[in-house]
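Trainee: Residue numbers (the working numbering): -10 to 635. Can you read through this structure? Questions will come right after.
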RNA sequence: GCCAUUGUAGCUCAGGGGUAGAGCACUUCCUUGGUAAGGAAGGGGUCGCGAGUUCAAUUCUCGCCAAUGGCUCCA
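Next up, the structure:
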C-alpha cells in the first residue's frame, strides 16, 4: 500500500501501482472524466501511469494550466494523425503545446498545403477524437527508436533521437500515429470536443534559417464547443484593437508605397498626439537634469567603424550614400549614441561635471527585413526618445535608478500596468557576437542585476538578448493579440566610451573613462504609440488625445453660440472642434463616439439662453448641464489627476 | 529574406474571359432636427504594377511590388 497526499493535505492509502485516473474514479466518475493528467510529487505525468510509492497528487483538469498543456500537446498528436491520414509519408518535426493551443512542424515533401486544407484536417481530428483513442506510452531502446524512424524515413525525429540518451526514450501511440515524445498525454482523445486550426506558416527546422523550412500548422482545442466560440470572439475583439485598424479610423498615421515600406507618415492627429507625448517626457527630463542636443540624420562611415556598428551591421544596413566629388561615405544613422559620444568629446570634462545627460528625440533608420515590418511596431525609420548619460563608475547605479524612475512615471501616466521587466545579458557561449572585454561585461551586467535587486523589481533574466555593446534592462508590453514588444530600455555600456576614447579628469588629476547609460523610456515613439493605441483601444487619456472636446450645435441657429463656446475652450487651452454639419444631433453624437472624442458639448436653445453647455462623456453618456467655467475646471482636474507625478 | 494567404472607389467589401457594383464617406439640394445613423440627387475606379495566353484579361498564367499570419532577424 502507498500513501497519497492530496492538495488539501488529506492522506489516503491506495494499493501500490494505482493510477491517478483510478484514484479519480474512486472519488467520482465525473471527476475521472475531467482528469487530463496528474501532478505527482511536482511532476506532471500521464494520469494512466502507475504510482509505486508514497506521493503527493494533484489531479489536473481543464482548470489547471498544466491540464490545458496536456490537452493541447495531445491535440498536436491528434492533428499529426489526421495529417498522416491525408498526407501519408509526411515527416514530423516538433509539435509542442504553446500558450494558446499547439502547433506541429511538418515536412509535406513536394505537396503544397494551404489554409483551404485545414478544414478537412480539423474534421478528421474530431472524427478521430470521437473514437476515444487511448494514448499509450512505451519505453523504447535507442536502437529500436532509430529503427522505427529509419523505416518511416523521418530524418527529423532521427535527429532528435540522436540527442537523447538510451533508456530515456519514450514513444506515444494513439490510433495509427506513433510519435517520439516525452509526454505527458491525455488518457484518451475524448476530452477534445472542439478543434480550430488557426493558421499555417513556414518555420525553419530548429529555428535555423539555413535549414529546411517546414510547414507549421497552429491550432487550438477545447473540451466544449462553446469555449471555442468564446475564444474566437475574444480573438475577434482583440483584432478590433489592432493599432493599424484604429490608426486608420482615427487618422493617426498612414503608409505609402511610394514613400516606401516601413516608413510611417504621421497624420495631423497622430502628430498632435506624438507631440504631446514628447512634451510630457521633455518636461520630466528637464526636471531630471537632461540637456537636449540635436544631431544630423547621417554620419560618416568612420563614425560607425569606431562605434563597431559598421562591423556588426554594415552589411545589413541601408547602404551608405556618398558625396559626388570627394566620394565620402555616409550612413543613415541607425543609432544616436555615436553622435552623442562625439558631442561629449567636443571639450574636456572634469568629474565635477558628471553625470552629463544628453537627450534627443533622434530619428534613426534601420534596414529591417521586409517580412519583419509590422504597422508602427516594427518600421524602418523611427524616432527614439534617446538619451545618453555619461557618468563615473560609482554613479552608475544611482543614474540607472533615476532612469527607472522616469520609465515608471511614464507608465503610470499612461496606465500601463501589465508590463514585464527583462534583464538581457550576453550569451556566454557566443561571446564573439559582442564587443568589449569580459571584465567590462561583468561590471555592466553586475550593475544591472544589483539595481534590480535593490529596487525590488521582479525581472526575468534572458541570456543572449543583450545589445552587442552592453547588457540592458527592457520593459516589455504585450499588444492586442498577445505579442510581446520591447518598449523602454536602459543599457549600461563600458565599451563605447573605450572605443571613442572618452575621458574625464578625476579628483586625482588623472584621466578616467566614463560609463555610458543608453536609455529610451518610450523606446521609439512609433512603437510606443502603437502599443498605447492597443491598450486604450484608441480611447487615449484626456491630456493626450488629439481632439478633447467637440461642440455639437443642435441646429444652424446655434452656430454663433457654438463659436462662443469654442473660443472659450480655446482660451482655456483645450483642443476643441465644432461639428457644424447639417446633421441631426443623434448622428453627430454617433460620429463623435466612434471617433472616441472624450467630451461632447451639446448646445441648443436652452444652453444658449442659460449660458450653459450640455456635457456628454464618450462611452458614458449624458452628464447634464453646467457652466463653461465648471466644465473647464472639471476637465483640467481630470488632466491634472492623470499627470500627477509621485 | 523564407513559407502561406491577400490586393476591386477615401473606408469596409461583393463580383467575375466581353473594360465593374453595394454600404459608409464626399459634393449639392431639401430638412433645422435634443443624446449612437433624416431624405434626395450627383461625382468618384488604368480592378496593386509589368509581361504572356486569347479575337478579347480586372478575371487565366508568370514575374515584380505591397499588405496579412508565422519563421529567422532586431544596434
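The beta carbon of each residue, even a glycine, is placed where N, CA and C say it ideally should be. Just so we're clear, the structure is a prediction, and the values are computed from it rather than from any experiment.
Please say whether residue 604 and residue 613 have beta carbons closer to each other than 8 angstroms?
Mentor: Cβ atoms of residue 613 and residue 604: closer than 8 angstroms.
Trainee: Any chance the region 377 to 387 sits against the region 531 to 544, with 3 or more Cβ pairs inside 8 angstroms?
Mentor: The answer is no - the region 531 to 544 does not touch the region 377 to 387, with fewer than three Cβ pairs under 8 angstroms.
Trainee: What are the boundary residues of the alpha helix (DSSP H) that includes residue 598?
Mentor: Residue 598 -> alpha helix (DSSP H) spans 594 to 599.
Trainee: Skipping 5 residues on each side, what residues in its chain have a beta carbon closer than 6 angstroms to that of residue 292?
Mentor: These residues qualify, in order along the chain: 327.
Trainee: Short of 8 angstroms in beta carbon distance, which residues of its chain neighbour residue 441, apart from the five on each side in sequence? Order them along the chain.
Mentor: Only 410, 412, 448, 462 meet the Cβ criterion.
Trainee: Around the C-beta of residue 28, are 16 or more other C-beta atoms found within 10 angstroms, so that it is buried, or is it exposed?
Mentor: Counting Cβ neighbours within 10 Å, residue 28 comes out buried, since at least 16 surround it.
Trainee: Please list, in chain order, all residues of the same chain as residue 615 whose beta carbon is under 7 angstroms from its beta carbon, the five residues on each side excluded.
Mentor: The residues are 601, 602, 604.
Trainee: Please confirm whether residue 347 and residue 370 have their CB atoms less than 8 angstroms apart.
Mentor: The answer is no: Cβ separation not under 8 angstroms.
Trainee: What separation, rounded to the nearest whole angstrom, lies between the Cα atoms of residue 194 and residue 83?
Mentor: Going from the Cα of residue 194 to the Cα of residue 83 covers about 9 angstroms.
Trainee: Here's a check: name, in chain order, each residue in its chain whose Cβ is nearer than 8 angstroms to the Cβ of residue 339, leaving out the five neighbours to either side.
Mentor: Here the set comprises 493, 494.
Trainee: Counting pairs of Cβ atoms below 8 angstroms between the region 122 to 130 and the region 149 to 166, do you hit three or more?
Mentor: Yes, they touch.
Trainee: Can you give the Cα-Cα distance for residue 456 and residue 48, rounded to whole angstroms?
Mentor: So the two alpha carbons sit approximately 44 angstroms from each other.
Trainee: In terms of DSSP beta bridges, what is residue 301 paired with?
Mentor: Looking at the DSSP assignment, residue 301 forms no beta bridge with any residue, so it has no partner.
Trainee: Have a look at the DSSP bridge pairing and note the partners of residue 427.
Mentor: The partner list for residue 427 (beta bridge, DSSP) is empty, contrary to what the question assumes.
Trainee: Cα-Cα, which of 11, 301, 40 is closest to residue 5?
Mentor: Answer by Cα proximity: 40.
Trainee: For residue 333, which beta-bridge partners are listed by DSSP?
Mentor: For residue 333, which the question treats as bridged, DSSP gives no partner whatsoever.
Trainee: Return yes when the Cβ of residue 168 is within less than 8 angstroms of the Cβ of residue 79, no when it is not.
Mentor: Cβ distance not < 8 angstroms, so residue 79 and residue 168 don't count as in contact.
Trainee: Quick one: Cα of residue 488 to Cα of residue 240, how far?
Mentor: One C-alpha to the other measures close to 44 angstroms.
Trainee: Over what stretch of residues does the alpha helix (DSSP H) that includes residue 225 continue unbroken?
Mentor: Here the alpha helix (DSSP H) through residue 225 covers 214 to 229.
Trainee: Could you pull out every residue in the same chain whose Cβ sits closer than 8 angstroms to the Cβ of residue 467, ignoring the five residues on either side in sequence?
Mentor: If we look at residue 467 and ignore the five residues flanking it on each side, its Cβ neighbours are 407, 473, 474.
Trainee: Which residue from 585, 584, 569, 583 puts its Cα closest to that of residue 591?
Mentor: Nearest of 585, 584, 569, 583 to residue 591, Cα basis: 569.
Trainee: For residue 25, count neighbouring C-beta atoms within 10 Å of its own C-beta (all shown protein chains included) and say buried if the count is 16 or more, exposed if not.
Mentor: Looking at its Cβ environment, which holds 16 or more other Cβ atoms inside 10 Å, residue 25 is buried.
Trainee: Could you check which residue in 7, 46, 8, 15 has the C-alpha nearest to that of residue -5?
Mentor: Closest option to residue -5, Cα to Cα, is 46.
Trainee: Flag this pair as yes or no: are the beta carbons of residue 205 and residue 124 separated by less than 8 angstroms?
Mentor: Cβ atoms of residue 205 and residue 124: not closer than 8 angstroms.
Trainee: Under 8 angstroms Cβ to Cβ from residue 73, same chain only, skipping five residues before and after it: list those, please.
Mentor: Hits under 8 angstroms: 79, 165, 166.
Trainee: Please determine, among 275, 312, 305, the residue with the shortest C-alpha to C-alpha distance to residue 289.
Mentor: Of the candidates 275, 312, 305, the one whose C-alpha sits nearest the C-alpha of residue 289 is 312.
Trainee: Helix, strand or coil: which one does DSSP assign to residue 288?
Mentor: Residue 288: strand per DSSP, three-state reduction.
Trainee: With a threshold of 7 angstroms on Cβ separation, who are the neighbours of residue 400 within its own chain once the five nearest residues in sequence on each side are excluded?
Mentor: So the qualifying residues of the chain are 408.
Trainee: Just verifying my parser: in three-state terms, what is the DSSP assignment at residue 187?
Mentor: Residue 187: strand per DSSP, three-state reduction.
Trainee: Pull up the CB-CB distance for residue 482 and residue 507, whole angstroms please, since I reckon it's below 8 angstroms.
Mentor: That pair is a contact at about 6 angstroms.
Trainee: Out of curiosity, what's the CA-to-CA distance linking residue 55 and residue 216?
Mentor: Near 18 angstroms, if we compare the C-alpha coordinates of residue 216 and residue 55.
Trainee: Could you tell me how far apart the beta carbons of residue 62 and residue 86 are, in whole angstroms, since I believe they sit closer than 8 angstroms?
Mentor: Contact holds; Cβ gap of about 4 angstroms.
Trainee: Going by DSSP in three states, residue 346 sits in which element: helix, strand or coil?
Mentor: In this structure, residue 346 counts as strand in the three-state DSSP scheme.
Trainee: Give every residue of the same chain whose Cβ lies closer than 6 angstroms to the Cβ of residue 202, excluding the five residues on either side of it in the sequence, and list them in chain order.
Mentor: Within the same chain, residue 202 has close Cβ partners 191, 193.
Trainee: According to DSSP, is residue 105 helix, strand or coil?
Mentor: Residue 105: helix per DSSP, three-state reduction.
Trainee: Looking at residue 529: is its Cβ nearer than 8 angstroms to the Cβ of residue 115?
Mentor: Result no, Cβ atoms of residue 529 and residue 115 do not sit closer than 8 angstroms.
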